[in-house]
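In our numbering, the protein residues as written are 1 to 138.
Just so it is clear, CB atoms sit at the ideal spot from N, CA and C, and this is done for glycine as well.
Since the model is a prediction, treat every value here as computed from it, not as a measurement.
As structure tokens, the structure follows; a few thoughts come after it.
Written out as structure tokens, the structure is:
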């Protein structure tokens, strides 16, 4: 099997970079250690979190429990909090309240108007690409 690698090379005395293509022969592509399912979950987890938060404000463990319940345990996000922090940083969710239960603080996350717009747009894109992919696989 032949595969191509782009190699970045800095040219002397210049500030621009040149990309050269190297051709390598391998029996198979290197294993990245990640499965298709893990990549899929990583790409779709923000969409799922926004969908849940569009229904009601939730705290982290509640989102995890809801994922497990609705997917019969097949769709779990092992790194939920980085997803929440990234969505908050992007302005798509916000902390709407905090409560102390059983000696632990719970931060409730809510979707923002920008998050609702992003969810609507991304959900539409997801459905379109899913239909296209399904047609390609027939």
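{"Check": "Given 8 Å, three or more beta-carbon pairs between the region 109-123 and the region 48-63", "Outcome": "yes"}
{"Check": "Nearest neighbour of residue 97, chosen from 65, 47, 106, 43 [CA to CA]", "Outcome": "106"}
{"Check": "DSSP three-state assignment for residue 39, whether helix, strand or coil", "Outcome": "helix"}
{"Check": "Near the ligand PLP: residue 107 beta-carbon under 8 Å from a heavy atom", "Outcome": "This structure lacks the ligand PLP, and indeed carries no ligand of any kind."}
{"Check": "Among 133, 47, 125, 39, the one whose alpha carbon lies nearest that of residue 92", "Outcome": "47"}
{"Check": "Nearest-angstrom Cβ-Cβ length linking residue 41 and residue 77, presumed shorter than 8 Å", "Outcome": "6 Å"}
{"Check": "Contact check, residue 87 vs residue 63, beta carbons under 9 Å", "Outcome": "no"}
{"Check": "Rounded separation between residue 51 and residue 119 - CA only", "Outcome": "7 Å"}
{"Check": "Which residues DSSP lists as bridging residue 111, in chain order", "Outcome": "93"}
{"Check": "Alpha carbon of residue 206 to alpha carbon of residue 136, nearest angstrom", "Outcome": "No statement about residue 206 is possible, as the shown extent of the chain runs from 1 to 138 and does not include it."}
{"Check": "Residue 102 in three-state terms, based on DSSP", "Outcome": "coil"}
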